[in-house]
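Asker: Quick note, my numbering runs 81 ahead of the 1-based positions in the sequence shown. No residue lacks a Cβ here, since even glycine has one placed at the ideal position from N, Cα and C. Please find one structure pasted underneath; my questions will follow.
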Amino acid sequence: MSDSQGQPAERPDGDPGGDPGAQRTHGLPAAAVFDALGAEYERAFAGSAAHRASLDRLLERLAPGSRVLDVGSGTGVPTARRLAGAGHRVVGVDVSPVMTTLAAGQVPDAEFRCGDIRETAWADGEFDAACVYFSMLQMARGELLGRLARAVRSGGLLAVATVPVDVAEVSAVFMGQPVVVSSFGEEEFVALVAGAGFAVEGRHSVLFTPDHPAGEPEPHLFLHCRRI
């Protein structure tokens, strides 16, 4: 996956009890999973040419000084760094305190908040664009898209990526960490994004292997969309 808050699972948690804002994976808070991974996560996915190409396309379409929401901002690299470096106003949100601290140090020109994206209040149309690189993989299926549709202005942009497999709350191990994964098949995911109010203007599928001893090939789907 890429950035953070994501990885096999569109469900950043799924714990039915306790703190409703605590994203969990396989009984462990998702924050703990990504706190444990830290910069190791960035290194594992730094070689994703498809992610870089997705950012290139987004940057080509953004107006100067756009306000961009980076969901599951992780260490801030590559997404927030590329966007902020191009002069855009980036707000990154991640559930992991370790990731948020790393991001703030690596991308001082962006703003980072540690918290549950599902419980963060945004004004309607507050953002010109949103990036969601694999961050929905640990959330309930389809849970976030409606909120994003309200937060992105009409005509605004969405760059979203996922692992297109049809699973719901399946236990897995990701880079040595126990997680719970939820996602959709490719066509289902495209339809879900469109149904939330986004016109899908481009898609790209690749097979990527994280640079990690436990890394295995995984399909990655990247979509570029415009808010209707």
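1) Distance cutoff 9 Å, beta carbons only. Does residue 276 sit that close to anything in chain D?
2) Using only the alpha-carbon positions, how far apart do residue 134 and residue 123 sit?
3) Please return the same chain residues whose Cβ sits closer than 6 Å to the Cβ of residue 179, not counting the five positions on each side in sequence.
4) Taking the alpha carbon of residue 275 as the point to measure from, which residue in 250, 230, 255 has its own alpha carbon closest?
5) If the criterion is Cβ atoms closer than 9 Å, does the pair residue 194 and residue 175 meet it?
6) Around the Cβ of residue 308, are there at least 16 other Cβ atoms within 10 angstroms (buried) or fewer (exposed)?
7) How long is the line joining the alpha carbons of residue 204 and residue 294, rounded to whole angstroms?
8) Could you work out which residue in 192, 172, 253 is closest to residue 212 when comparing CA atoms only?
9) Compare the Cα-Cα distances from residue 271 to each of 257, 240, 261 and report the closest residue.
10) Our contact map puts residue 243 next to residue 215 with C-beta atoms below 8 Å; I'd like the distance itself, whole angstroms only.
11) Going straight from the alpha carbon of residue 218 to that of residue 282, what length do you get?
12) Would you report the Cα separation of residue 184 and residue 112, rounded to the nearest angstrom?
13) Starting from the Cα of residue 154, find the closest Cα among 285, 227, 198 and give me that residue.
14) Skipping 5 residues on each side, what residues in its chain have a beta carbon closer than 6 Å to that of residue 225?
15) Which of the three DSSP states, helix, strand or coil, is assigned to residue 227?
16) Could you check if residue 288 is buried or exposed, using at least 16 other CB atoms within 10 Å of its CB as the buried criterion?
17) Quick one: complete alpha helix (DSSP H) runs, 4+ long, within the segment 166 to 205?
18) Whose C-beta lies closer than 7 Å to the C-beta of residue 142 among residues of the same chain, with five residues either side of it excluded?
19) Can the beta-carbon of residue 266 be found closer than 9 Å to that of residue 246?
20) Could you tell me how far apart the beta carbons of residue 169 and residue 188 are, in whole angstroms, since I believe they sit closer than 8 Å?
Answerer: This is what the structure gives:
1) Checking the listed chains, one finds no chain D in this structure; it contains a single protein chain.
2) 17 Å
3) 116, 119
4) 230
5) yes
6) buried
7) 42 Å
8) 172
9) 240
10) 6 Å
11) 22 Å
12) 15 Å
13) 198
14) 217
15) helix
16) exposed
17) 178 to 187
18) 238
19) yes
20) That pair is no contact at about 11 Å.
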